[in-house]
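J.:
Number of protein chains: 2
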Amino acid sequence: MKYKTSAKGKDGIRDIFHARRLKCTPQRLSVFRVLEQSETYLSINSIHAKVKELLPGTGLATVYRSLETLIDLGLVVKVHLEDGCHSYAVAPEGHRHPIVCTECNKVIEFAECPLDKISEKLSKDTGIQIQNHFLQLFGKCRECGA
Amino acid sequence: MKYKTSAKGKDGIRDIFHARRLKCTPQRLSVFRVLEQSETYLSINSIHAKVKELLPGTGLATVYRSLETLIDLGLVVKVHLEDGCHSYAVAPEGHRHPIVCTECNKVIEFAECPLDKISEKLSKDTGIQIQNHFLQLFGKCRECGA
DNA sequence: AATACAATTGAGAATCTTTCTCATTTGACG
DNA sequence: CGTCAAATGAGAAAGATTCTCAATTGTATT
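Sequence lines, in order, name chains D and H. All residue numbers for the first sequence refer to our numbering, where the first residue is 1 and numbers rise by one. All residue numbers for the second sequence refer to our numbering, where the first residue is 1 and numbers rise by one.
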């Protein structure tokens, strides 16, 4: 039931970049690697710290820019945390939503999206064409005690 | 189909504050009034501007603090916008979720929560007790062209 | 109504997050 | 290998939010 990380090979990503005429830079790759190797959502600062281990000298602005690019490519997703900060993770396969542990902020799992069917009904009920939605679920992971 | 603002009378709020041993200050009341009189979510700066019309000299920090208090009391809700900024509105009756216009950021309406029933099923499927969720829907309002 | 006290406020400093600028570097491609 | 636009690093800048602290003000009590 565990979600699969997208596990794009180096060439997979390279192709994705090239298809969009974006350069395949070590900084961008590192940012993606770091997220791929984490099982939780990471804050900008954690990402920056980990990227600098792989690629010393990488600037914070570049991390921001890389994340923006990766989100744009659909490779990464961004969550809004309650405190107003943001965190990032590799995008899950398909249309799913994170279940975040209320204790440790770890992403426990991604849930199949229950809204696809509902959106249609909602659109009818409200008369508004629902274009999109943002959903996060919260629960408690095993480590933090059910 | 329009959502109802909670329309708490002056005394209703006063009682809510007192029950929690919070002072019923003109600043807090003004912040709430401003939100009550708006049909859209408002940014901090709009709220601050409008509060100053009612109560010149009100500081920005106080607006932040009042909102925090009101959210804590369940009288106000906060939305996360895509750009990372936040907006605030009077909490709707019952458990509902905002539909935000993708063009003008106005909250068009609140939708009945479709997750109550689903959460249970989700908990069974995943084995994780879902405690909570955060949901926002996006569509386009009439003014911005369906 | 006057008093006392803790809660709240205003102002500005401080912090944190994110974006921007610009000179320099570097992928991609011929 | 040379070219050139795209990307980067560093630091400034802009915004959002929180903090500090002295002054003020609700509230409960007299």
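Ideal Cβ placement from N, Cα and C applies to all residues, glycine included.
Distance check for residue 18/D and residue 63/D, CA to CA, integer angstroms please.
T.: Here residue 63/D corresponds to residue number 63 of the first sequence, with the count starting at 1. Here residue 18/D corresponds to residue number 18 of the first sequence, with the count starting at 1. Straight-line Cα distance between these residues: approximately 19 Å.
J.: What residues from the region 35-59 of chain D come within 9 Å of chain H, judged by C-beta to C-beta, listed N to C?
T.: The residues in question: there are none.
J.: Taking a contact to mean a Cβ-Cβ separation below 7 Å, would you say residue 100/H touches residue 107/H in this structure?
T.: If you number the second sequence from 1, residue 100/H lands on position 100. If you number the second sequence from 1, residue 107/H lands on position 107. Yes, they are a contact pair.
J.: In this structure, how does DSSP classify residue 28/D when only helix, strand and coil are distinguished?
T.: In the first sequence, counting from the first residue as 1, residue 28/D sits at position 28. It is helical.
J.: Would you verify that the beta carbon of residue 73/D is, or is not, closer than 7 Å to some beta carbon of chain H?
T.: Your numbering for residue 73/D matches position 73 in the first sequence. Chain H, which has no Cβ nearer than 7 Å to the Cβ of residue 73/D, makes this no.
J.: Let me know if residue 121/H comes out buried or exposed under the rule of 16 or more other beta-carbons within 10 Å of its beta-carbon.
T.: For the purposes of this step, residue 121/H is taken as the residue at position 121 of the second sequence. With fewer than 16 other Cβ atoms within 10 Å, it is exposed.
J.: Checking contacts by CB at 7 Å: is residue 126/H closer than that to chain D?
T.: Stepping through the second sequence from its first residue, residue 126/H is reached at position 126. Chain D, which has a Cβ nearer than 7 Å to the Cβ of residue 126/H, makes this yes.
J.: Nearest chain D C-beta to residue 137/H closer than 7 Å, yes or no?
T.: Sequence index remark: in the second sequence, residue 137/H carries index 137 (1-based). So yes, residue 137/H belongs to the interface.
J.: On a Cα-Cα basis, can you pick out the residue from 140/H, 53/H, 50/H, 94/H that is closest to residue 155/H?
T.: This structure cannot settle anything about residue 155/H, because the visible part of chain H is limited to 1 through 146.
J.: My output table needs one value for residue 41/D: the three-state DSSP class, helix, strand or coil.
T.: Residue numbering aside, residue 41/D sits at position 41 when the first sequence is read from its first letter. Residue state, collapsed to three classes: coil.
J.: Buried or exposed: where does residue 129/D fall if 16 or more other Cβ atoms within 10 Å of its Cβ makes it buried?
T.: Numbered from 1 along the first sequence, position 129 holds the residue referred to as residue 129/D. Answer is exposed; the Cβ neighbour count stays below 16.
J.: On the CB-based measure, 16 or more other CB atoms within 10 Å of its CB, does residue 139/H come out buried or exposed?
T.: Sequence index remark: in the second sequence, residue 139/H carries index 139 (1-based). Buried, by the Cβ-count rule.
J.: Who are the neighbours of residue 118/H on chain D, taking C-beta pairs under 7 Å?
T.: The sequence position of residue 118/H within the second sequence is 118, counting from 1. Here the neighbours are 114.
J.: Measure the C-alpha to C-alpha separation of residue 52/H and residue 58/H and round it to an integer number of angstroms.
T.: Here the question's residue 52/H lines up with position 52 in the second sequence. Here the question's residue 58/H lines up with position 58 in the second sequence. Going by the C-alpha atoms only, they are around 6 Å apart.
J.: Determine the burial state of residue 26/D: buried for a count of at least 16 other Cβ atoms within 10 Å of its Cβ, exposed for fewer.
T.: For this step, residue 26/D is matched to residue 26 along the first sequence. Exposed, because fewer than 16 other Cβ atoms sit within 10 Å of the Cβ of residue 26/D.
J.: With a cut-off of 7 Å, does the C-beta of residue 111/H fall near any C-beta of chain D?
T.: Working through the second sequence from its first residue, we reach residue 111/H at position 111. By this cut-off, residue 111/H is an interface position.
J.: Between the C-alpha atoms of residue 118/H and residue 115/D, what's the straight-line distance to the nearest angstrom?
T.: As a working mapping, residue 118/H is identified with position 118 in the second sequence. As a working mapping, residue 115/D is identified with position 115 in the first sequence. The alpha-carbon atoms of residue 118/H and residue 115/D are separated by roughly 10 Å.
J.: Helix, strand or coil for residue 98/D? Go by DSSP, reduced to three states.
T.: The residue you call residue 98/D lines up with position 98 of the first sequence. Residue 98/D: strand per DSSP, three-state reduction.
J.: Could you tell me the distance, in whole angstroms, from the CA atom of residue 77/H to the CA atom of residue 142/D?
T.: Position 77 of the second sequence, counted from the start, is the residue given in the question as residue 77/H. Position 142 of the first sequence, counted from the start, is the residue given in the question as residue 142/D. So the two alpha carbons sit approximately 30 Å from each other.
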